Ligand code: KIV
Ligand code: ZN
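Residue numbers (UniProt numbering): 1 to 403.
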């Protein structure tokens with residue numbers, strides 16, 4: 001396995017940690033739709049679920065492994081606690097994938113050891129290599145996460161990581177499980193790991209972080225500067241509590257500011273090569289799909305994919321943008337797959353504009369469905385000055401998605 005990475009691996013966990021958002025549960029067919037969209041987006045790894053937790057999750061991981069886990073497709077990953085039954089079940093679900101990864105985890109913070117696991121540090125030091133080696137008996141690609149690393153004693157963390165790598169972990173993932181660290185602390189944690197874990201060069205350093213203080217993306221960018229080469233993230237930043245680091249924000253930060261980040265990856269500063277293999281033009285569509293399927297709305301002022309992210313409201317800004325876009329725009333709307341000319345839909349709009357906008361929002365309707373939705377659209381347009389994307393989604397959901 002190549003570990004001296006000069007590009008960033010994007011590990012998407014929308015279908016695992018993202019699905020841990022209250023109320024965001026997806027059925028198997030919906031998970032497959034998201035997995036297809038993630039493959040089109042170009043993510044390197046899809047964490048498809050936690051197979052031991054339910055037969056639905058097991059089947060979803062298995063189906064995604066079979067359909068999406070082709071030799072040229074992404075690696076398909078399944079989560080497992082550091083126990084034989086979890087790991088064996090994950091291995092079974094991942095069997096159909098050309099490239100399967102088992103991601104096993106065990107907490108390392110004293111808080112988790114004392115109150116949750118009721119285990120000693122010595123016990124953790126014994127379990128980790130044993131379970132990593134067990135995972136390795138099923139797949140070559142094993143990821144280990146010391147849960148709550150952000151609040152763990154760094155010296156203990158170094159010992160655990162060294163053992164995990166010696167037992168065969170090819171990726172070591174550093175989770176800020178409760179979103180507690182600040183960017184400089186998280187960057188220093190990654191640097192400490194690079195400097196103090198003797199065999200760290202045999203593994204990729206990954207980061208995973210929650211957004212309890214709104215710092216997950218900033219923490220990851222500091223981690224990249226200090227040697228992290230895999231970022232674990234979700235579409236629209238969904239996930240447990242305040243969510244995970246948002247894929248679209250990370251990818252676009254690395255894209256827009258690549259000349260700033262190039263030297264940290266050992267590249268010439270002026271290189272224009274992308275830092276990730278994400279096809280950024282699929283970002284908006286994927287965001288809409290995940291929002292529609294999970295029912296989790298994207299706040300209008302959300303970076304990159306919010307409804308206002310590329311809208312200019314004040315006269316001064318509009319004037320500036322009309323003279324030269326770069327006055328108030330740091331990226332093109334087209335770079336995330338938005339149509340630059342905002343088509344304002346109203347009662348005079350035709351079927352073509354209606355169909356085009358729905359496509360942009362990720363809805364592919366049959367002719368019959370389109371006709372049905374168009375009649376309803378005209379009805380709503382008669383009562384409103386302007387039809388927003390929210391209206392369109394409501395029309396499709398009411399007319400087509402409901403039985
Ligand atoms: O937040 C966390 O620590 C996790 C681990 C399972 C990686 O989701
Ligand atoms: Zn998490």
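The beta carbon of each residue, even a glycine, is placed where N, CA and C say it ideally should be. Since we're looking at a predicted model, the values are computed, not measured.
**Q.** Whole-angstrom distance between residue 248 and residue 98, CA atom to CA atom
**A.** 27 Å
(Q) According to DSSP, is residue 274 part of a helix, a strand, or is it coil? (A) coil
Q. What do you reckon, are the CB atoms on residue 404 and residue 102 nearer than 8 Å?
A. Residue 404 falls outside the range modelled here, since the chain spans only 1 to 403, and no answer is possible.
Q) How is the beta strand (DSSP E) around residue 175 delimited, first residue to last? A) 171 to 176
Q: Could you have a look at residue 43 and say whether DSSP puts it in helix, strand or coil?
A: coil
Q. Exposed or buried, which one is residue 375 when buried takes at least 16 other CB atoms within 10 Å?
A. exposed
Q. For the ligand ZN, which residues have a Cβ under 7 Å from at least one heavy atom, in chain order?
A. 17, 175, 177, 208, 210, 239, 240 and 244
Q. Under three-state DSSP, which class holds residue 146?
A. Three-state DSSP puts residue 146 in a strand.
Q. Under the three-state reduction of DSSP, which class applies to residue 269: helix, strand or coil?
A. coil
Q. Mapping DSSP to helix, strand and coil, what is residue 230?
A. strand
Q. Could you check where the beta strand (DSSP E) with residue 81 kicks off and where it finishes?
A. 75 to 81
Q: Determine, using beta-carbon pairs with one atom in the segment 198 to 205 and one in the segment 250 to 270, whether at least three such pairs fall under 8 Å.
A: no
Q: Give me the Cα-Cα distance between residue 225 and residue 355, rounded to the nearest whole angstrom.
A: 44 Å
Q: Answer yes or no: do residue 61 and residue 39 have a C-beta to C-beta separation smaller than 8 Å?
A: no
Q: Mind checking which residues open and close the beta strand (DSSP E) that includes residue 327?
A: Taken as a continuous stretch (DSSP letters only), residue 327 belongs to no beta strand (DSSP E), as it is neither H nor E.
**Q.** Any non-hydrogen atom of the ligand KIV closer than 7 Å to residue 52 Cβ
**A.** no
Q | DSSP three-state assignment for residue 55, whether helix, strand or coil | A | helix
Q: Using 10 angstroms around the beta-carbon of residue 384, count the other beta-carbons present and answer buried if the total reaches 16, otherwise exposed.
A: exposed
**Q.** Simplified DSSP state of residue 355, which is helix, strand or coil
**A.** helix
Q | residue 219 beta carbon near the ligand KIV (any heavy atom closer than 7 Å) | A | no
**Q.** C-beta contact flag for residue 369 and residue 292 at 8 Å
**A.** no
Q. Any heavy atom of the ligand KIV within a distance shorter than 7 Å of the CB on residue 189?
A. no
(Q) If you reduce the DSSP assignment to three classes, tell me which class residue 245 lands in. (A) coil
Q.
Quick check: the Cα distance between residue 23 and residue 162, rounded to an integer number of angstroms?
A. 38 Å
Q) Smallest Cα separation from residue 440: which of 76, 130, 146 and 125? A) Nothing can be reported for residue 440, as the shown portion of the chain is limited to 1 through 403.
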